[in-house]
Every structure is written in C-alpha cells, then in structure tokens.
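Undergrad: Sending over a structure as structure tokens; questions will come in a sec.
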Amino acid sequence: MIIMIAAAAENNALGKNNDLVWHLPDDFKRFKELTSGHPIIMGRKTFESFPKLLPNRTHIIITRQKKYQPEHCIVVDSIEKALEFVPEDEDAFIIGGGEIYKQSLEYTDIIELTRVHDSFEADTYFPEINPENWQLVEEEYHPKDEKHLVDFTYQTYIRK
298 MIIMIAAAAE
308 NNALGKNNDL
318 VWHLPDDFKR
328 FKELTSGHPI
338 IMGRKTFESF
348 PKLLPNRTHI
358 IITRQKKYQP
368 EHCIVVDSIE
378 KALEFVPEDE
388 DAFIIGGGEI
398 YKQSLEYTDI
408 IELTRVHDSF
418 EADTYFPEIN
428 PENWQLVEEE
438 YHPKDEKHLV
448 DFTYQTYIRK
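The numbering of the sequence shown is our numbering, which starts it at 298 and goes up by one.
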C-alpha cells in the first residue's frame with residue numbers, strides 16, 4: 298500500500314522556508330511509529346530539512362538534480378521510479394513536500410493526515426482531498442495543551 302502522511306493546516310499549509318510552521322510533539326511520535334521500518338518517499342528539499350537520516354527507514358528521494366546522491370539513499374527522478382523501489386508486499390510512505398504530494402496522489406491508497414486547526418502563512422501546501430475520491434474512515438481529535446499550541450485531529454482517508 299502507498300500511504301501519504303502529512304500534517305496540514307485548515308488552509309492546507311504545510312510549511313514555510315523548508316520548515317514546519319507549528320510544533321506538535323505527539324504528531325512527530327505518530328509519524329515515527331507509522332513510518333518506522335518502511336520506505337519513505339520524499340522530495341529533495343524535504344530530505345534536506347532533516348538533520349540526519351531517519352532511523353530504520355529506506356530513504357527514496359525524488360529530484361531533478363542529476364548528480365545528487367546522499368549516502369545510504371535511493372535517488373530517482375520521478376514518483377513512478379520511486380515506487381519501483383517499493384517491494385510488492387511492503388507499505389511505503391509519501392512524506393512530502395507539496396509537489397511530491399500532488400504528483401503521488403493518484404498512486405496513493407491511504408492518506409494519514411494530521412489536520413492542524415488553524416491557518417498559517419506558507420509557501421508549500423497539501424493538495425485538496427476530493428470527497429468524491431476519498432472517504433474519511435477515522436478521526437481522533439486532540440485539544441491544545443502545554444506541549445501543543447494548537448488543536449489538531451488525526452484523520453485517516455481511504456480511496457473510494
């Protein structure tokens with residue numbers, strides 16, 4: 298299965314200047330739990346936003362830069378080529394950024410979205426989820442608290 302995982306604001310904002318515009322520790326924990334042990338597919342800028350390789354995950358990076366080859370990563374030039382590196386019986390996670398989400402939406406089976414209940418100024422956005430194609434099957438609301446400055450909801454969508 299191809300699973301898209303993201304945190305997006307009410308206005309679909311994902312981030313600005315290659316960084317998130319909120320801090321949700323519980324969402325980071327959930328991301329780690331869901332993606333650990335699986336291939337993760339991302340664009341070059343998303344990869345470069347990490348301080349180091351994410352442990353226990355195969356990193357597949359999509360870029361148009363011909364000579365780009367970070368150590369211990371698979372580098373390809375399209376989402377289709379990235380998907381070729383996913384074993385048939387394996388779940389893989391699309392982790393961003395905005396352009397990669399748009400390109401991979403048609404290949405995605407499940408969307409694991411953390412909906413951040415606020416709007417933010419951003420330069421990268423998550424694509425619209427068309428209710429004709431996607432069914433919301435699970436929601437889990439989390440109010441803001443001392444560690445989380447905004448309310449958020451985990452949402453799981455499956456392709457209709």
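We put the beta carbon where it would ideally sit given N, CA and C, even for glycine.
All values derive from a computational prediction rather than experimental measurement.
Between T450, Q432, P440, Y422, which lies nearest to L317 when the distance is taken from Cα to Cα?
TA: L317 has its Cα closest to that of Y422, out of T450, Q432, P440, Y422.
Undergrad: Taking F449 as the reference, give the member of H356, A303, N430 with the closest Cα.
TA: Nearest C-alpha to F449: A303.
Undergrad: Give a yes or no on whether the C-beta atoms belonging to I391 and I299 are separated by under 8 Å.
TA: For I391 and I299, yes; Cβs fall inside 8 Å.
Undergrad: Could you pull out every residue in the same chain whose Cβ sits closer than 7 Å to the Cβ of S333, ignoring the five residues on either side in sequence?
TA: Cβ neighbours of S333 beyond the five flanking positions: N353, R354.
Undergrad: What are the boundary residues of the beta strand (DSSP E) that includes T411?
TA: Residues 407-413.
Undergrad: Can you give me the start and stop residues for the beta strand (DSSP E) that R361 sits inside?
TA: Counting along the chain, R361 falls outside any beta strand (DSSP E), and DSSP gives it neither H nor E.
Undergrad: Could you spell out the range, first to last residue, of the alpha helix (DSSP H) harbouring F347?
TA: Here F347 belongs to no alpha helix (DSSP H), and DSSP marks it neither H nor E.
Undergrad: For L317, name the three-state secondary structure that DSSP assigns.
TA: Coil, per DSSP.
Undergrad: Looking at C-alpha atoms only, which residue of L311, P322, K313 is the closest neighbour of D442?
TA: Nearest C-alpha to D442: P322.
Undergrad: Could you tell me if D324 is buried or exposed, where buried requires 16 or more neighbouring beta carbons within 10 angstroms of its beta carbon?
TA: By the 10 Å Cβ count, D324 comes out buried.
Undergrad: Between I337 and T453, what straight-line distance do the alpha-carbon atoms span, to the nearest angstrom?
TA: For I337 and T453, the distance between alpha carbons rounds to 18 Å.
Undergrad: What are the start and end residues of the beta strand (DSSP E) that includes R456?
TA: Where R456 is concerned, the enclosing beta strand (DSSP E) stretches over 449-456.
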